[in-house]
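If you're matching positions, the sequence shown starts at 908 in the working numbering and goes up one per residue. Here a beta-carbon is modelled for each residue, glycine too, at the ideal position from N, C-alpha and C. Quick caveat: nothing in here was measured; it's all calculated off a predicted structure. Working notes, structure below.
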Amino acid sequence: MTQYFFPKGFRWGASTSAYQIEGAWNEDGKGESIWDRFTHLPGNILDGSSGDIACDHYHRYQDDIHLMKELHLDVYSFTISWTRIIPEGRGRVNQKGLDFYRRLTDSLLEAGITPFSTLYHWDLPQTLQDEGGWQVRSTVDAFVEYADVVSRALADRVKHWATLNEPWCASFLSYAIGEQAPGMRDMKAAVKASHHLLLAHGLSVPVIRSNSPQCEAGIILNFSPSEPASLSNADYQAARKYDGYFNRWFLDPLFGRLYPADKTAEYSEAGYLPQDLIKPGDMEKIAAPIDFLGVNYYNRSVHRAEIPEDQNLPQTNFVAPESEWTDMGWEVFPQALYRLLCRLYFEYQIPKLYINENGAAYSDSPDKSGSVKDVRRIQFLRDHLIQVHRAIQAGVPLAGYLTWSFMDNFEWANGYTKRFGLVWVDYETQKRIFKDSAFWYRKVILDNGFTTD
């Protein structure tokens, strides 16, 4: 038997996002977001669905919090819908929207659950998108206004604030790859969006701190650790190029290192980086000191240079067979989480880390007895938590682990075809069922650790 117990005070929780669970897309004065628009256009979502109803959390939040309490969650990470608060993106404040999040946080606190709030999880007001979205600098000012309104309204309840979740997705995946709203395929637009997202973060941090004294303020990034397929220089350069695109482009400026020189040279040469994009003082603002970094990790990436095989070294680093991938088509490779956490701390000296998202999509459903025996998800969580424990033992200041997701929900471009939750959701009846992984995770929380054979 091997024991994996965590430090006293380690935080255990689960995460969700507003558009993926709330529903009520046009109720109580909420405005239209880019995801409302994107999902209502045919062909954008795999199963033709939308988040119009989703998990109906807007109406069922008290029941959901009761389930969280049954699981003994210590923290719950949720995002706030910009268009519930400021329907047109700037200006008029919708009191009913603020009241919903006041009720939500009050109910969490009454249940003994600490609210972790994120201001932005991709649902930009459509009115701002019509003006250019994150490509234009005026969206930065609108976001800071929104951050000010929300943090003032919830300052007495929320003491843990993240500005953005996964700005890589909100820029490159959404503006260059086109998989997510607003569905553009323009690399120059993506680079501009990435800069303005980071600037919005940097300008909002001091505003949040002013409104919510003694709070923790930070940002959440998604990471895909890149590894070369062999020890060759060509494969190393391929992995480094991807690392700059996916990881360092956001990490480096946040921690005062400016944008990576290799990527700025590449983007400038390709015409993706306008000369007037970065204004004097921007990089200093982006590097505003933060109290924590939220880490989202799902899988690594292995890179093979696009050169003839006889001009490269034999490949020695292979991904796992597809039979071991999740339903998202992602390799399960827990060891990369340990390496990532060590890199973040030892290379960037980040004062505090939280794992804000880590989980797996598997299609397990209730059996005849009504149980959801998701053995693969339990294995996934266990194996990743072993790596989390390793990182803590190595000295990484990791303060908590939040799994994605509390319950099955609308999985963006995949609609309702992928299930990440600890709680199984019947989308027709809105019935919730604890999966076996939920019971396993509850015991981990109660014991502050676990043992393995």
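Spatial distance of residue i from residue j (CA atoms)
{"i": "residue 1317", "j": "residue 1217", "result": "45 Å"}
{"i": "residue 1342", "j": "residue 917", "result": "24 Å"}
{"i": "residue 994", "j": "residue 932", "result": "11 Å"}
{"i": "residue 939", "j": "residue 1016", "result": "30 Å"}
{"i": "residue 1363", "j": "residue 979", "result": "No information on residue 1363 is available, as it lies outside the stretch 908 to 1360 that the chain covers here."}
{"i": "residue 1140", "j": "residue 981", "result": "46 Å"}
{"i": "residue 946", "j": "residue 996", "result": "19 Å"}
{"i": "residue 1021", "j": "residue 1062", "result": "13 Å"}
{"i": "residue 1332", "j": "residue 1291", "result": "24 Å"}
{"i": "residue 1124", "j": "residue 1055", "result": "13 Å"}
{"i": "residue 1051", "j": "residue 1111", "result": "5 Å"}
{"i": "residue 1113", "j": "residue 1189", "result": "15 Å"}
{"i": "residue 1352", "j": "residue 976", "result": "12 Å"}
{"i": "residue 1142", "j": "residue 1219", "result": "8 Å"}
{"i": "residue 1327", "j": "residue 1214", "result": "37 Å"}
{"i": "residue 1354", "j": "residue 1308", "result": "14 Å"}
{"i": "residue 1102", "j": "residue 1334", "result": "37 Å"}
{"i": "residue 1321", "j": "residue 1231", "result": "20 Å"}
{"i": "residue 956", "j": "residue 930", "result": "12 Å"}
{"i": "residue 943", "j": "residue 1166", "result": "33 Å"}
{"i": "residue 1277", "j": "residue 963", "result": "22 Å"}
{"i": "residue 1314", "j": "residue 1263", "result": "15 Å"}
{"i": "residue 913", "j": "residue 1169", "result": "39 Å"}
{"i": "residue 915", "j": "residue 1258", "result": "18 Å"}
{"i": "residue 1136", "j": "residue 1172", "result": "25 Å"}
{"i": "residue 919", "j": "residue 1311", "result": "12 Å"}
{"i": "residue 1045", "j": "residue 1099", "result": "12 Å"}
{"i": "residue 1083", "j": "residue 1073", "result": "15 Å"}
{"i": "residue 1323", "j": "residue 969", "result": "23 Å"}
Anticipated Cβ contact below 8 Å, residue i with residue j, distance rounded
{"i": "residue 1007", "j": "residue 1067", "result": "The pair is not a contact, with the Cβ atoms about 19 Å apart (cut-off 8 Å)."}
{"i": "residue 1087", "j": "residue 1078", "result": "Contact flag wrong, Cβ pair sits at about 10 Å."}
{"i": "residue 1260", "j": "residue 1306", "result": "7 Å"}
{"i": "residue 1283", "j": "residue 1357", "result": "Going by Cβ atoms, the distance from residue 1283 to residue 1357 rounds to 17 Å, so no, they are not a contact pair."}
{"i": "residue 1329", "j": "residue 921", "result": "6 Å"}
{"i": "residue 1252", "j": "residue 1303", "result": "5 Å"}
{"i": "residue 941", "j": "residue 1033", "result": "6 Å"}
{"i": "residue 1162", "j": "residue 1194", "result": "7 Å"}
{"i": "residue 1293", "j": "residue 1241", "result": "7 Å"}
{"i": "residue 1089", "j": "residue 1151", "result": "With a Cβ gap of about 25 Å, residue 1089 and residue 1151 do not count as contacting."}
Span of the beta strand (DSSP E) around residue i
{"i": "residue 1359", "result": "1356 to 1359"}
{"i": "residue 967", "result": "Careful: residue 967 lies outside any beta strand (DSSP E), inside the alpha helix (DSSP H) at 964 to 977."}
{"i": "residue 1204", "result": "1199 to 1204"}
{"i": "residue 1135", "result": "1133 to 1135"}
{"i": "residue 922", "result": "918 to 922"}
{"i": "residue 1171", "result": "No beta strand (DSSP E) contains residue 1171, which is instead part of the alpha helix (DSSP H) from 1168 to 1177."}
{"i": "residue 1144", "result": "Careful: residue 1144 lies outside any beta strand (DSSP E), inside the alpha helix (DSSP H) at 1140 to 1150."}
{"i": "residue 912", "result": "909 to 912"}
{"i": "residue 1236", "result": "From DSSP, residue 1236 is part of no beta strand (DSSP E); its letter is neither H nor E."}
{"i": "residue 1130", "result": "1123 to 1130"}
{"i": "residue 1208", "result": "1208 to 1210"}
Opening and closing residue of the alpha helix (DSSP H) in which residue i lies
{"i": "residue 1112", "result": "1094 to 1118"}
{"i": "residue 1080", "result": "Neither: residue 1080 is in no alpha helix (DSSP H) and is coded neither H nor E."}
{"i": "residue 1253", "result": "1242 to 1255"}
{"i": "residue 1262", "result": "Looking at the DSSP string, residue 1262 is not in any alpha helix (DSSP H); the run it does join, the beta strand (DSSP E), is 1260 to 1264."}
{"i": "residue 1191", "result": "1189 to 1193"}
{"i": "residue 1157", "result": "1156 to 1161"}
Residues of its chain near residue i, where Cβ-Cβ distance is below 7 Å and the 5 sequence neighbours each way are ignored
{"i": "residue 967", "result": "1337"}
{"i": "residue 1005", "result": "992, 1060"}
{"i": "residue 1235", "result": "1268, 1325"}
{"i": "residue 1287", "result": "1239, 1267"}
{"i": "residue 1298", "result": "1245, 1248, 1249, 1305"}
Own chain, CB closer than 8 Å to residue i, minus 5 neighbours either side, in chain order
{"i": "residue 1053", "result": "989, 992, 993, 996, 997, 1026"}
{"i": "residue 1134", "result": "1146, 1207, 1208, 1209, 1210, 1224, 1243"}
{"i": "residue 1009", "result": "1060, 1061, 1064"}
{"i": "residue 973", "result": "1018"}
{"i": "residue 1349", "result": "977, 978, 979"}
{"i": "residue 1118", "result": "1055, 1058, 1059, 1062"}
Residues of its chain near residue i, where Cβ-Cβ distance is below 6 Å and the 5 sequence neighbours each way are ignored
{"i": "residue 1271", "result": "1279, 1281"}
{"i": "residue 1130", "result": "1154, 1204, 1247"}
{"i": "residue 924", "result": "986, 1028"}
{"i": "residue 1047", "result": "1103, 1106, 1107"}
{"i": "residue 1254", "result": "none"}
{"i": "residue 1092", "result": "1085"}
{"i": "residue 1128", "result": "1157"}
query: Which whole runs of the beta strand (DSSP E) in the stretch 986 to 1071 are 3 residues long or more, in chain order?
result: Entirely contained in the stretch 986 to 1071, the beta strand (DSSP E) runs reaching 3 residues are, in chain order, 1021 to 1027.
message: Runs of 4 residues minimum, wholly inside the stretch 1270 to 1354: which ones carry the alpha helix (DSSP H) assignment?
response: Within the stretch 1270 to 1354, the complete alpha helix (DSSP H) runs of at least 4 residues are 1282 to 1300, 1343 to 1354.
- prompt: Which full runs of the alpha helix (DSSP H) of 4+ residues lie inside the stretch 929 to 969, going along the chain?
  reply: 941 to 946, all fully within the stretch 929 to 969.
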